[in-house]
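In full-length UniProt numbering, the protein residues as written are 1 to 306.
Each residue gets a CB set at the ideal place from its N, CA and C atoms; glycine is no exception.
The structure presented is a predicted model; accordingly, all values stated were derived computationally and were not measured.
Report on one structure; see the data block that follows.
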């Protein structure tokens, strides 16, 4: 069976199935792929999964007609549909969906087919899965992921628009938007940030285990996103786990433009870190950020003369 499938010989597969070979027989295949996200090595698979991986639609059709289950998973819990999406084999995907492939099955990364499609940037697949009934409003998985957070992390504007337009009625909708905003801000996806803010994502939501978007933007030097967050009333006196304000972090990083932006927005130059000792000025001097020191000193001088 494995030789017939690897040769894309649908007629031979049909013959073997008629002779009584089970469509559920499994075997070990050594894959030779560079991307560990796509394939591993020595993974247990199945005829249906192997045919799907290779994009052999006629073989997939033959196996399904002889009772191969699209619900079968490999050792990392991927169904054939997960693999059809990862390898972008549209014809195989359609066959699997037409034979009842589960839309909400989660793989080893706790990702459903819709989440998989969002990760790989397959806009057409995302829309088709939604049209078939894939749930957009699933709660976050154990990795704090949903199709929306993944599309935002990948910076995919078109898929993010699709998911936002469908709507989300899950109990953790606000948390999903906040996580998506934080990840998009961290990675510099300014168009995605704009979409999320327009959708009502909270800039100042309190989530202890999620980095505040304003710190995410500052930590990676995304001044354009910082401006957006400030314009949407981002808390410029927020404290991170180190007890720093955004101004202190920008100072430590030597991000002169962001220091200026924060000061112009009214950030407290005299604020003291939670350790009771450090101010933005002391941080600038400690870290040798002399250009930033000049900006802070000039701002202090202005404040004393106002």
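Residue range of the unbroken alpha helix (DSSP H) whose run includes residue i
i: residue 175; result: 173–187
i: residue 264; result: 256–264
i: residue 108; result: Careful: residue 108 lies outside any alpha helix (DSSP H) and carries neither H nor E.
i: residue 150; result: 147–154
i: residue 54; result: 47–54
i: residue 213; result: 213–219
i: residue 293; result: 290–304
i: residue 140; result: No alpha helix (DSSP H) contains residue 140, which DSSP labels as neither H nor E.
Sheet register partners of residue i (DSSP bridge)
i: residue 79; result: 73
Straight-line Cα distance separating residue j from residue i
i: residue 243; j: residue 275; result: 7 Å
i: residue 272; j: residue 192; result: 33 Å
i: residue 286; j: residue 268; result: 19 Å
i: residue 310; j: residue 103; result: Within the shown structure, residues of the chain are numbered from 1 to 306, placing residue 310 beyond reach of any answer.
i: residue 224; j: residue 190; result: 7 Å
i: residue 45; j: residue 75; result: 7 Å
i: residue 228; j: residue 138; result: 29 Å
i: residue 167; j: residue 91; result: 28 Å
i: residue 80; j: residue 55; result: 11 Å
i: residue 264; j: residue 257; result: 11 Å
Residue i burial status per 10 Å Cβ neighbour count (16 or more: buried)
i: residue 31; result: Caution applies to residue 31, whose pLDDT of 35 falls short of 50 and renders its modelled position unreliable; the value that the coordinates give is listed next. Per the 10 Å Cβ criterion, exposed.
i: residue 132; result: exposed
i: residue 108; result: exposed
i: residue 110; result: exposed
i: residue 158; result: exposed
i: residue 291; result: exposed
i: residue 208; result: exposed
Inset, instruction - Evaluate the contact criterion for the segment 163–176 versus the segment 216–224: three or more CB pairs, one atom per stretch, below 8 Å. - result: No, the segment 163–176 does not touch the segment 216–224.
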